[in-house]
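By full-length UniProt numbering, the letter at position 180 of the sequence shown is numbered 180, and the numbering carries on one by one without gaps.
Every residue gets a Cβ at the ideal spot worked out from N, C-alpha and C, and that includes glycine.
Keep in mind the model is a prediction, meaning the values are calculated, not measured.
Right, one structure below, let's go through it.
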Amino acid sequence: MKNLLGVMQGRLLPKFNGRYQAHPVGYWQDEFPIAQSLGLNCIEFILDFNDFDKNPLTSEVGIGVIKESIKETGVKVVSICADYFMEAPFHSKDLSIVKNSQKVLSLLLKHGNEIGVKDIVIPCVDQSSLKSESDKKSFYENLSPLLKEAESSKIHLSLETDLGPKDFLDIIQMFNSEFVSVNYDIGNSASLGFDPVEEFSEYGKYITDIHIKDRKLNSGSIELGKGDAQFNKVLLMIQKINYTGPFIMQAYRDDEGLEIFKRQLDWVRRNF
1 MKNLLGVMQG
11 RLLPKFNGRY
21 QAHPVGYWQD
31 EFPIAQSLGL
41 NCIEFILDFN
51 DFDKNPLTSE
61 VGIGVIKESI
71 KETGVKVVSI
81 CADYFMEAPF
91 HSKDLSIVKN
101 SQKVLSLLLK
111 HGNEIGVKDI
121 VIPCVDQSSL
131 KSESDKKSFY
141 ENLSPLLKEA
151 ESSKIHLSLE
161 TDLGPKDFLD
171 IIQMFNSEFV
181 SVNYDIGNSA
191 SLGFDPVEEF
201 SEYGKYITDI
211 HIKDRKLNSG
221 SIELGKGDAQ
231 FNKVLLMIQK
241 INYTGPFIMQ
251 AYRDDEGLEI
261 FKRQLDWVRR
271 NF
């Protein structure tokens with residue numbers, strides 16, 4: 001695999017406070033040498049709404065510690081999964097939430113630029129789903145002011161949505177910027193019953209970040225290869241678009257994390 005292969009933060013460590021996906025406050029550095037030992041190139045950092053101020057992405061001191069971890073192990077941080085915006089979406093009807101989220105994204109762009117981040121994933125799924133035309137309009141109007149900062153930082157605002165392929169393309173094209181792109185989650189698309197050929201035909205050229213995951217239709221995450229994700233079809237489409245971004249393993253996890261990850265990493269190396 002020529003692309004960077006990485007892991008969603010926390011997948012190589014025991015769960016933080018029993019949460020399925022969360023920034024591991026206090027022991028996040030431990031993941032870098034483990035990732036290095038497994039031959040992974042990068043870690044996609046998580047920015048949570050909870051414990052926001054304890055995340056190293058939010059301070060100059062923290063950024064310095066991340067730089068040290070990168071330098072010591074060679075494991076990069078090229079992307080951030082900003083789960084923060086699931087709790088405080090840009091299309092919130094509360095303007096104080098919107099203003100604060102704009103400040104948070106501005107800070108992420110500044111600090112991300114310092115450590116070599118290329119993608120900030122903005123999830124518009126579950127509670128932050130774009131459910132109406134009004135949601136889409138507000139999302140566009142409130143995210144647009146950050147575009148200049150994203151463009152000058154050369155960081156993609158990589159959107160993850162549960163919209164169908166044509167509707168997703170409409171959102172991307174509203175911004176008319178090469179720095180608003182698509183985060184493609186293989187498992188989530190399978191759970192929603194989308195056809196990878198149609199998805200890639202509509203917005204494939206905008207994909208800059210891919211999450212490797214498997215899910216059953218209308219159901220939760222499952223070990224890679226055991227769900228409804230059409231990996232063969234997805235891989236063919238990825239090759240067609242000459243995708244150069246990272247592959248981030250956001251695969252199924254248990255409480256401990258590491259052994260089940262290793263098993264799935266073997267699966268990825270056999271199949272990708």
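Close beta carbons around residue i, own chain, < 8 Å, minus the five adjacent residues each side
| i | result |
| --- | --- |
| Asn3 | Tyr243, Thr244, Gly245, Pro246, Phe247 |
| Lys205 | Ile241 |
| Met86 | Phe49, Pro123, Val125, Asp126, Gln127, Ser128 |
Distance between residue j and residue i (C-alpha atoms, nearest Å)
| i | j | result |
| --- | --- | --- |
| Glu202 | Pro89 | 25 Å |
| Ala229 | Gly64 | 39 Å |
| Leu147 | Ser106 | 10 Å |
| Ser138 | Ser92 | 8 Å |
| Leu47 | Val197 | 31 Å |
| Pro56 | Lys71 | 16 Å |
| Val25 | Gly227 | 31 Å |
| Gln250 | Arg11 | 8 Å |
| Val268 | Gly39 | 13 Å |
| Gln21 | Phe52 | 14 Å |
| Glu259 | His23 | 19 Å |
| Gln264 | Ser134 | 40 Å |
| Asn50 | Gln36 | 28 Å |
| Asp126 | Val61 | 33 Å |
| Asp83 | Asp255 | 20 Å |
| Val75 | Ser101 | 28 Å |
| Thr73 | His111 | 20 Å |
Residue i Cβ short of 6 Å to the ligand NAD heavy atom set
| i | result |
| --- | --- |
| Ile171 | With respect to the ligand NAD, the structure offers nothing, as it holds no ligand at all. |
Test item: CB-CB of residue i and residue j under 7 Å
| i | j | result |
| --- | --- | --- |
| Glu223 | Tyr184 | no |
| Ser181 | Val121 | no |
| Lys118 | Val78 | yes |
| Lys153 | Leu109 | A small fix is needed here, since residue 153 is Ser in this sequence, not Lys. Cβ atoms of Ser153 and Leu109: closer than 7 Å. |
| Asp214 | Gly193 | no |
| Met8 | Glu44 | yes |
| Ile66 | Ile115 | yes |
| Glu151 | Phe179 | yes |
Residue span of the beta strand (DSSP E) that contains residue i, given as start and end
| i | result |
| --- | --- |
| Glu198 | It is not in any beta strand (DSSP E) - Glu198 instead sits in the alpha helix (DSSP H) that spans 196-203. |
| residue 316 | The chain is shown from 1 up to 272; residue 316 falls before or after that span and cannot be answered. |
| Thr58 | Run containing Thr58: none; DSSP gives neither H nor E here. |
| Gly257 | Gly257 -> no beta strand (DSSP E), and no H or E assigned at all. |
| Asp135 | Here Asp135 belongs to no beta strand (DSSP E); instead the alpha helix (DSSP H) covers 133-143. |
The alpha helix (DSSP H) enclosing residue i, as first and last residue numbers
| i | result |
| --- | --- |
| Lys76 | Careful: Lys76 lies outside any alpha helix (DSSP H), inside the beta strand (DSSP E) at 76-81. |
| Asp167 | 165-175 |
| residue 309 | Residue 309 falls outside the range modelled here, since the chain spans only 1 to 272, and no answer is possible. |
| Ser106 | 95-115 |
Residues near residue i by beta carbon distance below 7 Å, same chain, minus five either side
| i | result |
| --- | --- |
| Tyr27 | Leu13 |
| Arg270 | none |
Contacting residues, own chain, Cβ-Cβ under 6 Å from residue i (five flanking each side not counted)
| i | result |
| --- | --- |
| Lys54 | Val25 |
- Message: Taking contact to mean 3 or more Cβ pairs, one atom from each stretch, closer than 8 Å, check whether the region 133-150 and the region 206-223 are in contact.
- Response: no
- Message: Count Cβ pairs between the region 161-171 and the region 124-136 that sit closer than 8 Å; are there 3 or more?
- Response: yes
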